[in-house]
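Going by my numbering, the first residue of the sequence shown is number 37, and it counts up by one from there. We put the CB at the ideal spot given by N, CA and C, even for glycine. Have a look at the structure below, then the notes.
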Amino acid sequence: MGVLKRTPLGRVGTRRDAAVGLRRVTFMAYSESCGFYDVIKNLTILTDPLFHDVRPVKDTRQTTVVTLDFTLYAILDLDMKFQTLKTFGWLAIRWENEYLTWDPAQFCDISKISVGTSSVWRPDLFVYEMTDEDKSPSVNFLYVLNDGQNIRLKPMMIVSTCGIDTYKFPFDTQTCSLTFGSFMHPVNEILVKAEQNSSVVTEVSKKAFASKGDWSLVRIDVESHNYSHANREWSQLVYKITIERTPSHYVVNLIIPACFLVMVDLASMFIPMNSGERLGFKITVVLGFSVLLLILNDLLPSSQGTPILDVFCMVCLIVMITSIVDAIFISYLLEQSEFRSVPRWVRIIVLKHLARILAINTKVTNQDYKNEEMYSTRDTELQTPTFASKEGDSTESELLKRILLEMLKIRQMMNTTKKEERKSEWFMVAFVLDRFFLVVYVITVLTMLCVVLIVWSG
């Protein structure tokens with residue numbers, strides 16, 4: 037007969053009853069160790085404020101390695117005026133806490149728990165290019181693995197500086213950097229490394245990229261280097277994001293209308309020179325082109341570099357304004373035909389040499405002279421005074437009157453012919469100069485257009 041003992045349940049029994057009760061308590065204790073709370077309770081440093089602010093290494097000479105993995109999700113905005121980039125992405129941070137370890141076999145194979153971020157030490161990482169306060173969504177939890185690895189998954193909304201090069205606008209490609217590093221700990225204390233290489237980061241980001249605006253993702257280059265200052269070095273991890281502008285909006289709303297206005301202004305050179313409509317038409321085209329320049333000025337940033345598109349538009353505007361001056365000058369030349377003849381040096385330079393270069397025939401054909409003579413003779417007959425014959429006039433007197441009448445006709449015919457020749461000569465000078473400016477106009481625009489296309493395709 038066994039010895040009577042008081043069991044943990046408070047009743048008297050045999051040794052066999054005591055053994056059964058002990059096994060029951062052991063089973064209950066074992067079953068209670070299968071919860072996350074048991075793991076956290078086992079990790080006593082989670083409740084010790086001392087370990088929250090101290091780098092979790094057992095030897096201070098040991099470096100804490102922090103690995104990052106960044107995935108770009110969207111380009112929210114690229115402010116070209118202030119040259120800032122607003123991005124949204126996912127950041128995974130991994131580091132080791134040597135004091136947060138346990139044996140999963142003692143806790144029902146629990147190898148990962150989630151705890152509040154304020155319960156453990158976290159590396160003081162920040163983005164060097166950030167210019168605005170952190171407006172990222174708040175995620176206040178992280179994973180702790182049984183081998184001491186801490187993993188923090190964090191969505192990030194970053195507003196950072198970005199040097200924008202608009203020389204090839206709107207076919208430009210921009211490269212903006214996001215530099216992650218510790219603010220306080222130098223490289224001998226915290227080493228920042230990339231978890232994935234550039235090709236993997238680019239592939240994953242392209243699959244996750246959800247921005248359908250003006251920019252498309254080209255690639256992401258991952259580089260690591262050290263930053264030196266005041267005889268100390270800090271470890272940095274740089275993500276160089278290369279994005280490409282979608283130019284269709286600017287081509288349809290800016291480039292094509294500008295080219296059409298240049299073509300219309302070029303076609304206005306074929307409006308008759310002596311018509312006053314040419315000058316008014318050209319002024320209207322220049323006003324429309326000025327509106328496009330105002331739109332272009334709003335789109336471009338205030339930077340030192342000048343876009344090649346801006347240079348092209350300014351050259352076209354200068355040529356258009358020069359064509360207005362040309363139209364005014366041509367009108368002035370046509371007015372000179374009423375008062376003076378063409379100077380000799382103008383005949384030599386314009387009608388002889390310049391006309392030969394432009395392959396313009398300045399000689400008036402004989403048929404043209406005949407037509408002008410018939411026209412002049414008809415006008416002379418209408419304007420020549422007549423002498424009435426009186427009775428008693430002799431035959432000699434009648435003959436003299438006829439001779440005088442014929443001489444007056446010849447004189448008026450010569451004056452009219454000379455005036456028409458003078459007008460024709462001034463008209464030919466104006467025509468040669470107008471066609472010379474047309475050739476210069478076409479060559480200038482085509483040359484500038486070729487330069488722009490070469491720059492855009494390069």
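Helix, strand or coil, according to DSSP, for residue i in the structure here?
{"i": "residue 488", "result": "helix"}
{"i": "residue 90", "result": "coil"}
{"i": "residue 186", "result": "strand"}
{"i": "residue 298", "result": "helix"}
{"i": "residue 212", "result": "strand"}
{"i": "residue 246", "result": "coil"}
{"i": "residue 229", "result": "strand"}
{"i": "residue 267", "result": "coil"}
{"i": "residue 117", "result": "coil"}
{"i": "residue 132", "result": "strand"}
{"i": "residue 495", "result": "The shown model of the chain, from 37 to 494, leaves out residue 495, and the question about it has no answer."}
{"i": "residue 305", "result": "helix"}
{"i": "residue 199", "result": "coil"}
{"i": "residue 387", "result": "helix"}
{"i": "residue 293", "result": "helix"}
{"i": "residue 480", "result": "helix"}
{"i": "residue 272", "result": "strand"}
{"i": "residue 164", "result": "coil"}
{"i": "residue 280", "result": "strand"}
{"i": "residue 373", "result": "coil"}
{"i": "residue 379", "result": "coil"}
{"i": "residue 138", "result": "coil"}
Using the Cβ count rule (16 or more neighbours within 10 Å means buried), how would you classify residue i?
{"i": "residue 479", "result": "exposed"}
{"i": "residue 183", "result": "exposed"}
{"i": "residue 484", "result": "buried"}
{"i": "residue 303", "result": "exposed"}
{"i": "residue 221", "result": "buried"}
{"i": "residue 205", "result": "buried"}
{"i": "residue 202", "result": "buried"}
{"i": "residue 132", "result": "buried"}
{"i": "residue 191", "result": "exposed"}
{"i": "residue 288", "result": "exposed"}
{"i": "residue 475", "result": "exposed"}
{"i": "residue 301", "result": "buried"}
{"i": "residue 168", "result": "exposed"}
{"i": "residue 384", "result": "exposed"}
{"i": "residue 494", "result": "exposed"}
{"i": "residue 241", "result": "buried"}
{"i": "residue 228", "result": "buried"}
{"i": "residue 160", "result": "exposed"}
{"i": "residue 60", "result": "Annotation note: pLDDT 40 at residue 60 (below 50); position unreliable, coordinate value reported separately. Exposed, by the Cβ-count rule."}
{"i": "residue 477", "result": "buried"}
{"i": "residue 435", "result": "exposed"}
{"i": "residue 352", "result": "buried"}
{"i": "residue 145", "result": "exposed"}
{"i": "residue 417", "result": "No answer about residue 417 holds up, because its pLDDT of 46 lies below 50 and its placement is not dependable."}
{"i": "residue 333", "result": "exposed"}
{"i": "residue 381", "result": "exposed"}
{"i": "residue 102", "result": "buried"}
Just to check my reading of the structure: residue i and residue j have Cβ atoms closer than 8 Å, yes? What is that Cβ distance to the nearest angstrom?
{"i": "residue 214", "j": "residue 286", "result": "Actually they do not touch by this definition, with Cβ atoms about 27 Å apart."}
{"i": "residue 256", "j": "residue 238", "result": "5 Å"}
{"i": "residue 386", "j": "residue 481", "result": "The pair is not a contact, with the Cβ atoms about 24 Å apart (cut-off 8 Å)."}
{"i": "residue 341", "j": "residue 272", "result": "At roughly 27 Å, the Cβ-Cβ gap does not stay under 8 Å, so residue 341 and residue 272 are not in contact."}
{"i": "residue 226", "j": "residue 100", "result": "5 Å"}
{"i": "residue 188", "j": "residue 211", "result": "Not really, about 28 Å apart at Cβ, beyond 8 Å."}
{"i": "residue 346", "j": "residue 473", "result": "That pair is no contact at about 24 Å."}
{"i": "residue 370", "j": "residue 310", "result": "6 Å"}
{"i": "residue 260", "j": "residue 294", "result": "No, residue 260 and residue 294 are not in contact; Cβ-Cβ is about 45 Å, not under 8 Å."}
{"i": "residue 505", "j": "residue 197", "result": "Since the first residue shown for the chain is 37 and the last is 494, residue 505 is missing from the structure and cannot be characterised."}
{"i": "residue 177", "j": "residue 150", "result": "5 Å"}
{"i": "residue 193", "j": "residue 172", "result": "5 Å"}
Have a look at the options and flag the residue whose alpha-carbon is nearest the alpha-carbon of residue i.
{"i": "residue 114", "options": "78, 200, 157", "result": "200"}
{"i": "residue 156", "options": "121, 89, 324", "result": "89"}
{"i": "residue 357", "options": "223, 344, 319, 77", "result": "319"}
{"i": "residue 489", "options": "91, 71, 332, 344", "result": "344"}
{"i": "residue 166", "options": "142, 140, 176, 195", "result": "195"}
{"i": "residue 265", "options": "219, 297, 110, 305", "result": "219"}
{"i": "residue 75", "options": "376, 102, 148, 87", "result": "148"}
{"i": "residue 461", "options": "470, 102, 398, 438", "result": "398"}
{"i": "residue 93", "options": "145, 331, 136, 323", "result": "136"}
{"i": "residue 70", "options": "332, 141, 91", "result": "141"}
{"i": "residue 270", "options": "111, 252, 296, 223", "result": "223"}
{"i": "residue 299", "options": "263, 308, 321, 207", "result": "321"}
{"i": "residue 263", "options": "208, 164, 277", "result": "164"}
When every heavy atom of the ligand GDP is checked, does at least one fall within less than 7 Å of the C-beta of residue i?
{"i": "residue 188", "result": "Judged by which ligands are present, the structure shown has none, so any question about the ligand GDP falls away."}
Check whether the stretch 128-147 and the stretch 102-113 are in contact - that is, three or more C-beta pairs closer than 8 Å.
Short answer: they touch.
Are at least three pairs of beta-carbons, each pair with one atom in the stretch 304-314 and one in the stretch 362-370, less than 8 Å apart?
Yes, the stretch 304-314 touches the stretch 362-370.
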